Structure formats: C-alpha cells, structure tokens
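Inspection log for the structure reproduced underneath, given as structure tokens.
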Amino acid sequence: MKRDPLRALERLRNHFAPGSGAAKRGWLRELDRLRLRSARRVERLHEQLCFMRAYPDDARVLATVRRMLAGFERRADLRAERDALENRGIAGTAIRFPFFWPSARWLARHWPDSLALDRLDRAADRAIARLLGVDRSRLSGFAALDRIRAPGISDAVQFVRLVEAMPGDAFAKEKFYDAIEPVIELRPRRGTPNRTLAWHPAGPIAWQRAPLASGRAELAAELRRAPRRVRRVAQREGERLLDLGRAAMATRLRDLDAFAYGDARSVRIVDDGGGLAFAVNGVIAERQPANGALYGVLTLRNGVPVGYLDVAVAGGRAEMTFNTFSTFRNGEAAHVFARVLAMTRHVLGAQSFSIAPYQLGEHNPEAIASGAWWFYTKLGFRPRAQGARGPARRERMRRRREPGYRSSAATLRKLARWHLYFDSGKRA
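In terms of the numbering used here, the numbers along the sequence shown are unbroken and rise by one, the last being 457.
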C-alpha cells in the first residue's frame with residue numbers, strides 16, 4: 030500500500046512525546062516538495078500547518094512550519110486549485126461574501142485596490158439602480174455606478190463611499206447598507222486578510238511536549254487561579270489586535286460586533302501562561318449596551334488566533350458566546366473555556382456566567398451537531414428555568430445509566446431553548 034505523507038502527518042497531530050517533533054519534521058519536508066492533487070488535500074495540509082504553529086513541539090518544528098506557511102500561496106498546487114479554494118481564507122485565494130457594513134468599511138479603508146462588487150449579484154444591482162435613480166431598462170445599477178466613480182476607485186469602494194456620504198447617523202447608514210447586502214469579492218493581494226499568516230506576539234512561546242489537556246476541567250479550581258499577567262496595550266497595537274480579530278472573522282465568513290466596533294484604546298492582552306493569551310477589547314461608546322459593558326475576546330495560542338468570544342457583563346453577571354475555530358478543535362477546548370471563565374472573573378469582574386440559547390443550538394445547526402449543550406453541562410452549567418430543569422435532569426440521568434448514550438438532535442434543540450448558568454461563588 031502506497032504511503033500517504035499527509036495522512037501520516039495528520040495521525041501525529043495530537044501526539045506530543047520525545048521524538049514526535051523529528052517525526053513531524055520528516056513528513057513536513059516531504060510535503061514541502063510534494064504537489065498535492067486536490068483542493069481538499071491542499072486545505073488539509075494548510076490546516077495541519079496552522080495547528081502546528083499554535084502547538085509546536087520545538088523550535089525546529091516551528092521554524093519549518095513558519096517557513097512553509099510564509100510560502101504557501103506560492104505552492105503550485107495552491108495556484109492550480111485557487112478557484113476551488115475560494116472562501117477558505119487561505120493566503121492567495123479570494124473571499125466572496127456579503128460583509129456587513131462595519132466590515133465593508135474596514136475592508137474599503139485598508140484594501141481598496143482588492144475589493145470589487147460581485148456583478149452576478151442581481152439583487153444588489155437592482156438596489157443600486159434604485160439608489161441612483163436610474164431606469165434599469167436602459168442602464169443597470171452597476172453600470173450607473175461605473176459612470177460616477179472616479180478613475181482608480183473600485184465599484185465596491187465607490188458604493189461604500191456613497192453610503193458614507195448619505196444623510197443620517199451611523200445606525201441609519203448601517204441599516205441601509207445591510208438591507209442591500211451586496212456581495213463583495215476580496216481579491217488576494219499582499220497583506221489582505223488570510224488565516225495562513227495570522228499571528229500576533231502575545232507572550233513567550235510555549236513548546237508542546239506533553240499531551241493536550243483534553244480531559245474535563247474543574248471549573249471551581251480554575252476560577253480561583255488568576256491569569257499570569259494583564260497588559261494594557263498602546264492604541265497602535267490595539268488597532269493591530271482589533272484588525273487581527275476582524276480578519277479572523279472575515280476569513281471565516283463571519284462578523285462580530287464586538288470586533289467590528291472595537292475601541293482600540295481599551296485593548297488588553299491577558300497572558301495566561303503556557304502559550305495561552307486573550308486579547309480583550311471594549312467597544313466604542315455608541316455601541317455599548319445600555320446596562321452593562323460589551324467585550325470582544327480573541328483567543329491566542331502562541332500568538333495564533335484559535336477562537337473568539339464576546340462577553341456582555343452587567344452587575345457581576347456575564348453572558349457569553351464561546352467558539353473554537355474548527356482547525357483547533359478536538360484539542361483542549363474545555364481547558365481553554367475554563368481559562369476564559371477565569372479571565373472573565375479576574376479581569377472583567379464577573380461572578381456568574383450564562384450561555385445563550387443560540388450558542389447551545391437554538392437556530393444553530395452547528396451547535397446541535399457538535400453537542401454544545403453537553404459541552405457546557407459536563408462542566409457544571411445548569412438551566413434555571415422551571416420548564417428546563419426536569420428535561421435536563423432526565424437527560425443527565427439517562428446518560429449515566431446508558432454508556433454511549435447520545436441525545437437526539439430533537440432533544441438537543443428542545444434543551445437549547447433555555448440559558449445555562451454557572452455561579453463561581455465567593456469573590457476571588
């Protein structure tokens with residue numbers, strides 16, 4: 030049977046022991062020379078490299094991985110599969126997505142030469158024609174936009190500027206733009222957002238020489254342990270970290286208000302030790318909730334974005350979302366989440382925590398498929414609503430009685446209708 034170096038490297042993904050670094054370098058050297066024969070295989074190598082940058086065995090593994098990622102967009106197989114890899118966020122490939130207003134403005138400001146409207150977006154064409162007051166039987170909306178844009182200005186940037194120049198406040202402009210929701214293509218150029226090179230120095234590099242902390246975390250004990258260091262950064266570094274968070278969303282076809290409206294003057298890096306850190310930002314005053322404070326958090330592992338959350342804190346209570354990017358799942362998600370709670374307690378002052386229904390699976394098929402309700406329940410989160418406690422208790426009892434039992438999707442959807450809560454008890 031012919032050996033497959035990519036599969037061999039993937040089998041070593043979570044293997045950290047003496048000699049594992051040398052074995053990984055051997056497969057990396059072979060894959061560096063090998064032309065992969067499908068878009069899926071190119072993507073699999075990319076994801077493995079990103080994971081190994083976040084969890085390097087040693088300095089030699091890290092150096093090899095960084096070199097391969099730096100040259101990834103020049104690989105012949107990547108160039109051959111460029112079209113098939115659209116929307117993957119890989120360096121050298123395009124992204125085509127109906128970005129929301131703050132992200133569209135951000136992209137137009139930083140990469141104006143790389144943006145274009147998708148001319149196959151007929152709904153946007155009609156909406157632009159109405160905006161410009163043209164008869165579509167004579168002239169399309171895109172053609173009318175071409176007539177008024179200055180030389181050297183792309184149609185996407187021109188449209189963003191038209192909306193910016195409209196009367197009304199920021200909320201009215203956002204509502205208008207998002208009602209049209211034009212599809213924008215972000216073409217790959219030097220420095221455009223990608224997942225391949227996403228990184229920020231957040232603390233000392235930690236070598237992964239032992240198995241990942243994959244077991245169940247003890248939240249009470251973790252909550253008592255404060256992060257190692259909290260550092261408020263200068264505004265310029267805060268802007269870079271916010272851009273890193275925005276890019277992490279854009280390259281995964283997502284948006285997060287807490288990053289989109291982040292305040293660069295409020296950013297802190299929370300160094301938790303062992304290569305784990307959190308970039309925490311507040312949001313601008315006009316986007317803060319009326320009774321509380323909203324924060325965006327980018328989770329970093331050796332400087333690589335591996336997940337994110339937003340946290341709304343009010344009166345010592347924190348409602349949060351939590352997401353680990355797919356590349357970094359099946360690792361130490363429970364441990365990272367426990368440290369998220371500890372950070373939220375010691376840095377943001379929260380004493381009790383809640384998870385909203387969407388995060389658990391309400392109108393969220395990804396959360397149902399991943400068993401998100403059980404992830405939080407196993408850590409000690411419980412519902413408080415009267416109608417939820419009985420069904421939740423019955424599911425927990427059935428799981429204890431029947432080894433291997435898995436809740437049905439219908440049951441998980443029912444359980445996801447209610448918040449889950451955890452109280453940390455006395456103040457640290």
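Cβ coordinates follow ideal geometry from the N, Cα and C atoms, glycine included. Nothing here was measured: the structure is a model prediction, and the numbers come from that model.
Going by DSSP, D284 is part of no alpha helix (DSSP H) at all; its letter is neither H nor E. Counting of Cβ neighbours within 10 angstroms places I177 among the exposed residues, the total staying below 16.
Of K202, A306, V94, A250, the smallest CA-CA separation from P233 is found for A306. A322 and T328 have their C-alpha atoms some 19 Å from each other. DSSP places D452 within a strand segment (E or B) once states are collapsed to three.
Considering only R89, R224, R104, the residue with the shortest C-alpha distance to Q237 is R89.
Per DSSP, reduced to three states, the secondary structure at Y405 is helical. The three-state secondary structure of L63, taken from DSSP, is coil. When the five nearest sequence neighbours on each side are left out, the beta carbons in the same chain lying within less than 6 Å of the beta carbon of V326 are those of F307, V309, L338, in order along the chain.
For D207, no beta strand (DSSP E) encloses it; the enclosing alpha helix (DSSP H) starts and ends at 199 to 209. Excluding its 5 nearest sequence neighbours in each direction, I119 has C-beta neighbours in its own chain below 6 Å: H75, T225, listed in chain order. When the beta-carbon positions are compared, A83 and V333 come within less than 7 Å of each other. Sequence-distant partners of A37 (beyond 5 residues in either direction) whose C-beta falls short of 8 Å from its own C-beta, in its chain, are W56.
Cβ-Cβ distances below 7 Å link S453 to L252, R374, Q380, S381 in the same chain, with the five nearest sequence neighbours on each side left out; the list follows chain order.
By the neighbour-count definition (other C-beta atoms within 10 Å, threshold 16), R429 is an exposed residue. The criterion of a C-beta distance shorter than 7 Å is not satisfied by I157 and L168.
Annotation for Y337: the continuous beta strand (DSSP E) segment containing it runs 333 to 343. Around the beta-carbon of E110, 16 or more other beta-carbon atoms lie within 10 Å, marking it buried. In the structure shown, T328 adopts extended strand secondary structure according to DSSP, grouped into three states. Rounded to the nearest angstrom, the Cβ distance from R134 to V212 is 16 Å, too far for a contact under 8 Å. At least 7 Å separates the beta-carbon of F171 from that of D198. Boundaries of the alpha helix (DSSP H) around D184: 184 to 193.
The residues R418, A421, L449, Y450, F451, in chain order, have a CB closer than 8 Å to that of R411 in the same chain once the five nearest residues on each side in sequence are set aside. Taking C-beta separations shorter than 8 Å and ignoring five residues to either side along the sequence, the partners of E193 in its chain run R134, K202, following chain order. Of the candidates R218, G181, P180, L282, R218 places its Cα closest to the Cα of R103. The way I'd put it, the segment 259 to 267 doesn't touch the segment 381 to 397; fewer than three beta-carbon pairs between them come closer than 8 Å. Nearest to L146 by C-alpha distance, out of R368, H229, E210, G344, is E210.
For A341, the number of other beta carbons within 10 angstroms of its own is at least 16, and it is reported as buried. As computed with DSSP, D300 is found in a beta bridge with R258, A306. Leaving aside the five residues that flank R442 on each side, the residues in its chain whose CB is nearer than 8 Å to its CB run, in chain order, G390, E391, I397. In this structure the segment 272 to 292 touches the segment 124 to 133; the number of beta carbon pairs closer than 8 Å is three or more.
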